[in-house]
Amino acid sequence: MTIAEERAVAPIVAADDCDPDYELLCDPDIPCAPDNCNPDCVPGYCNPGWLRRATGFLWLDLTRDCMLHCGHCYNESGPNGDQKLLPVLGSSASLMEPGEWFSVLDQAMRAEVSLIQLIGGEPTMYAGFSAVLGHALNIGLKVEIYTNLVSIRDEWWEQFRHPGVLLATSYYSDDPKEHHRITERDTHRQTRTNIVKALGLGIPLRVGMVQVYPEQRIDEARAELVSLGVPPNRIRLDRERAFGRGQRDHVACDPNELCGNCGLGRAAIGPDGTVTPCIMAGWLKAGNVRTEPLEAILNGDGMARATVTIPRRTRTDVACDPDCVPQNPCDPRDGGDACDPATPPSECNPKGQK
Ligand code: SF4
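The opening residue of the sequence shown carries number 202 in my numbering; numbering runs sequentially from there.
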């Protein structure tokens, strides 16, 4: 029996029974019923079953390497990001090998995870990126790849055309110079070209925008994305979050900077196997997949202790931002980018050691 067969679950309610506001978020493969609702959400909103049925979404945070060096990057990714991360993690620290990720994916599938996101850093810069993606798809997981779309090899485009793949990217401005100012690299043309290519290939794409400067050409960039063919409800705007390089003079490890949904049906696994409730909550360590089974960590005391410190919010408080989970069940708008790719040390050090 395959893993997919082992964990096959009959849908509770058909997707089209869900609240219309969530129509776009309803996935026929994901059980959904009114009583799945997160108590923090407005009653009647369609919640994919993962909220009630434990973790259904995982970030796989593969690397701190990135060809860009955005000033707001919440985990301080950039060129040589892994080299900078490892000393912070400890003298014996090492990145997860592809085979270790395969094991995590197999465990995730058995634990009824349905969707993962490959992120970093720039996840395509992880040496085993293609292998990890291929393994996830082969065992039946849906995979969102959060990439800056700067450099995509031809063979990866072939993989991206798999029906289980979703793409997400960040876009900051229609002005290449402003994009350069934010990312510290002259790569606007590459990202824009690959947005057009993804859309042309029919690959589902959502785009996150982070407002870094008050004068930033957000409206113009959004209009450009729509003109290129990105569905308006797949474009999200968030503010800079005070983590990593975005921390600036803000206090470190401020849980109020989180959206409040961390750990609710979602969790993150860092480059060294550390599990946390969110990619932005790197200081809240719940365990490590190298020393414990994934499901035991997700349902264990460590995760309970990690999540209890996170302020929960109602929908009226905040529209579930940062909205870094595809198909966020708490927000009728899809996607979002707040949880941009990420990295290493800061005082707060998401993904690193405190
Ligand atoms: S925000 Fe994303 S693209 Fe920018 S440096 Fe960080 S990981 Fe790279």
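We put the CB at the ideal spot given by N, CA and C, even for glycine.
Review point. What do you reckon, is the C-beta of serine 278 under 6 Å from a heavy atom of ligand 1?
Key: Residue 278 sits at position 77 when you count from the first residue of the sequence shown. Because some heavy atom of ligand 1 lies under 6 Å away, the Cβ of serine 278 counts as near it: yes.
**Study point:** Identity of the residue in Met481, Thr477, His363, Ile436 nearest glutamate 458 by Cα
**Key:** Taking the first residue of the sequence shown as position 1, residue 458 is located at position 257. The shortest C-alpha separation from glutamate 458 is found at Met481.
Exercise for review: Please go through the stretch 320-364 and give each complete alpha helix (DSSP H) segment of 4 or more residues, from N-terminal end onward.
Suggested key: Uninterrupted alpha helix (DSSP H) stretches at least 4 residues long and entirely within the stretch 320-364 occur at 330-339, 355-361, given in chain order.
Practice item. Thinking isoleucine 317 and leucine 368 are a contact (beta carbons under 8 Å), I'd like their distance in whole angstroms, please. Key: By one-based count along the sequence shown, residue 317 stands at place 116. By one-based count along the sequence shown, residue 368 stands at place 167. Contact between isoleucine 317 and leucine 368 is ruled out by a C-beta separation of about 14 Å, above the 8 Å threshold.
**Study point:** Same chain, Cβ closer than 8 Å to valine 333, five either side skipped, listed in chain order
**Key:** Along the sequence shown, read from residue 1 onward, the residue named residue 333 stands at position 132. Closer than 8 Å at Cβ, skipping near neighbours: Leu261, Leu263, Pro299, Trp302, Phe303, Leu306, Leu319, Tyr327.
**Study point:** Assumed close pair arginine 440, glutamine 412 - CB separation to whole angstroms, cut-off 8 Å
**Key:** Within the sequence shown, residue 440 is the residue found at index 239, counting from 1. Within the sequence shown, residue 412 is the residue found at index 211, counting from 1. Contact between arginine 440 and glutamine 412 holds, with the beta-carbon distance rounding to 6 Å and staying under 8 Å.
Practice item. Spell out a yes or no on whether the stretch 481-501 and the stretch 454-471 are touching, meaning 3 or more CB-CB pairs, one atom from each, closer than 8 Å. Key: Touching, yes.
Review point. Quick one: is the Cβ of cysteine 463 within less than 6 Å of any heavy atom of ligand 1?
Key: On the sequence shown, residue 463 is found 262 positions in, with the first residue counted as 1. With a threshold of 6 Å, the Cβ atom of cysteine 463 does not count as near ligand 1, since no heavy atom of the ligand is closer than that.
Check your understanding: If you count every other CB in all the chains shown that lies within 10 Å of the CB of aspartate 455, and 16 or more means buried, which is it?
Key -> Working through the sequence shown from its first residue, we reach residue 455 at position 254. Exposed, because fewer than 16 other Cβ atoms sit within 10 Å of the Cβ of aspartate 455.
Review point. Expressed to the nearest angstrom, what Euclidean distance is found between the alpha-carbon atoms of alanine 443 and tyrosine 373?
Key: Taking the sequence shown and counting its residues from 1, one reaches residue 443 at position 242. Taking the sequence shown and counting its residues from 1, one reaches residue 373 at position 172. As the crow flies, the alpha-carbon of alanine 443 is around 18 Å from that of tyrosine 373.
**Study point:** First through last residue of the alpha helix (DSSP H) which encompasses serine 304
**Key:** The residue given as residue 304 occupies position 103 in the sequence shown. It spans 299-311 - the alpha helix (DSSP H) in which serine 304 sits, taken as one unbroken run.
Point to revise | Beta-bridge pairing of glycine 279 - partner residues as DSSP gives them | key: For the purposes of this step, residue 279 is identified with residue 78 of the sequence shown, where counting begins at 1. Partner residues in the beta bridge of glycine 279, as assigned by DSSP, are Asp266.
Exercise for review: Check asparagine 237 in the structure and name its three-state DSSP category.
Suggested key: Residue 237 sits at position 36 when you count from the first residue of the sequence shown. Confidence at asparagine 237 is low in this model, with a pLDDT of 41, below 50, so the placement of that residue is unreliable and no value is reported for it.
Practice item. Confirm the yes/no value for this check: CB of leucine 406, any heavy atom of ligand 1, distance under 6 Å. Key: Walking along the sequence shown from the start, residue 406 turns up at place 205. No, ligand 1 has no heavy atom inside 6 Å of this Cβ.
**Study point:** Coil, strand or helix - isoleucine 404 by DSSP
**Key:** Residue mapping note: residue 404 aligns to position 203 of the sequence shown, counting from 1. The answer is coil: DSSP assigns isoleucine 404 none of H, G, I, E or B.
Check your understanding: Which word fits glutamine 448, buried or exposed, when buried means at least 16 other C-beta atoms lie within 10 angstroms of its C-beta?
Key -> Sequence index remark: in the sequence shown, residue 448 carries index 247 (1-based). Burial of glutamine 448 is indicated by the presence of at least 16 other C-beta atoms within 10 angstroms of its C-beta.
Check your understanding: Among all the DSSP beta bridges, which residues are the ones paired with methionine 410?
Key -> What you label residue 410 is simply residue 209 of the sequence shown in a count that begins at 1. Partner(s): Leu438.
Exercise for review: Kindly examine ligand 3 and report whether one of its heavy atoms sits closer than 6 Å to the Cβ of asparagine 349.
Suggested key: In terms of ligand content, the structure shown lacks ligand 3 and carries ligand 1 instead.
Review point. Hey, quick one: how far does the beta strand (DSSP E) through alanine 505 stretch, first residue to last?
Key: Taking the first residue of the sequence shown as position 1, residue 505 is located at position 304. In the DSSP assignment, alanine 505 falls outside any beta strand (DSSP E) and lies within the alpha helix (DSSP H) extending over 502-509.
Check your understanding: From serine 293 to alanine 487, what does the alpha carbon distance come to, in whole angstroms?
Key -> Looking up residue 293 in the sequence shown gives position 92. Looking up residue 487 in the sequence shown gives position 286. Put simply, the backbone Cα of serine 293 is about 20 Å away from that of alanine 487.
Check your understanding: Regarding glycine 300 and ligand 1, is the C-beta to nearest heavy atom distance less than 6 Å?
Key -> Taking the first residue of the sequence shown as position 1, residue 300 is located at position 99. No, Cβ of glycine 300 sits at least 6 Å from all heavy atoms of ligand 1.
Check your understanding: Can you tell me the Cα-Cα spacing of lysine 378 and alanine 507, whole angstroms?
Key -> Within the sequence shown, numbered from 1, the residue matching residue 378 stands at position 177. Within the sequence shown, numbered from 1, the residue matching residue 507 stands at position 306. The straight-line gap separating the alpha-carbon atoms of lysine 378 and alanine 507 is approximately 41 Å.
Point to revise | Under the three-state DSSP convention, the category leucine 367 falls into | key: To locate residue 367, count along the sequence shown from 1; it is residue 166. DSSP places leucine 367 in the strand class (E or B) of the three-state scheme.
Practice item. Write down the C-beta distance between arginine 407 and arginine 435 rounded to the nearest angstrom, noting that I regard them as a contact closer than 8 Å. Key: The sequence position of residue 407 within the sequence shown is 206, counting from 1. The sequence position of residue 435 within the sequence shown is 234, counting from 1. Contact holds; Cβ gap of about 4 Å.
Point to revise | beta-carbon leucine 438 near ligand 1 non-hydrogen atom, thresh 6 Å | key: For this step, residue 438 is matched to residue 237 along the sequence shown. Not so, every heavy atom of ligand 1 lies at least 6 Å from the Cβ.
**Study point:** Exposure of proline 433, with buried meaning 16 or more beta-carbon neighbours within 10 Å
**Key:** The residue given as residue 433 occupies position 232 in the sequence shown. Only exposed fits proline 433, as fewer than 16 other CB atoms lie within 10 angstroms of its CB.
Check your understanding: Among Leu350, Gly503, Gly445, Arg382, which residue has its Cα nearest to the Cα of lysine 398?
Key -> If you number the sequence shown from 1, residue 398 lands on position 197. Minimum Cα distance to lysine 398 is reached at Leu350.
Point to revise | asparagine 489 vs glycine 474 beta-carbon contact at 7 Å | key: The residue labelled residue 489 in the question sits at position 288 within the sequence shown. The residue labelled residue 474 in the question sits at position 273 within the sequence shown. Yes.
Practice item. Say yes only if the C-beta of valine 447 is nearer than 6 Å to one or more non-hydrogen atoms of ligand 1, and no if none qualify. Key: In the sequence shown, the residue the question calls residue 447 occupies position 246. Looking at the sequence itself, residue 447 is glycine, so the reference to valine does not match. Outside the cutoff, so no.
Check your understanding: Say the cut is 6 Å; is the CB of cysteine 479 nearer than that to a heavy atom of ligand 1?
Key -> Locating residue 479 in the sequence shown gives position 278, where the first residue counts as 1. No; taking the cut-off as 6 Å, the Cβ of cysteine 479 has no heavy atom of ligand 1 nearer than that.
Check your understanding: Where do the ends of the beta strand (DSSP E) carrying arginine 467 lie?
Key -> Counting from one through the sequence shown, the residue named residue 467 turns up at place 266. 467-470 is the extent of the beta strand (DSSP E) around arginine 467.
Exercise for review: Determine the direct distance from the alpha carbon of arginine 265 to that of glutamate 385, and round the result to whole angstroms.
Suggested key: Here residue 385 is taken as the residue at index 184 of the sequence shown, counted from 1. Here residue 265 is taken as the residue at index 64 of the sequence shown, counted from 1. Taken atom to atom, the span from the alpha-carbon of glutamate 385 to that of arginine 265 is near 16 Å.
**Study point:** Start-to-end residues for the beta strand (DSSP E) that takes in valine 314
**Key:** Position 113 of the sequence shown, counted from the first residue, corresponds to residue 314. Careful: valine 314 lies outside any beta strand (DSSP E) and carries neither H nor E.
Check your understanding: Nearest chain B C-beta to leucine 402 closer than 7 Å, yes or no?
Key -> The structure shown has no chain B; it contains just one protein chain.
Point to revise | Residue from Glu425, Leu499, Met268 whose Cα sits closest to the Cα of aspartate 376 | key: Reading the sequence shown from its first residue, position 175 is the one you call residue 376. Relative to the Cα of aspartate 376, the nearest Cα in the group Glu425, Leu499, Met268 belongs to Glu425.
Review point. Shortest alpha-carbon distance to glutamate 356 belongs to which of His273, Thr325, Gly321?
Key: Along the sequence shown, one-based indexing puts residue 356 at 155. For the set His273, Thr325, Gly321, the Cα lying nearest the Cα of glutamate 356 is the one of Thr325.
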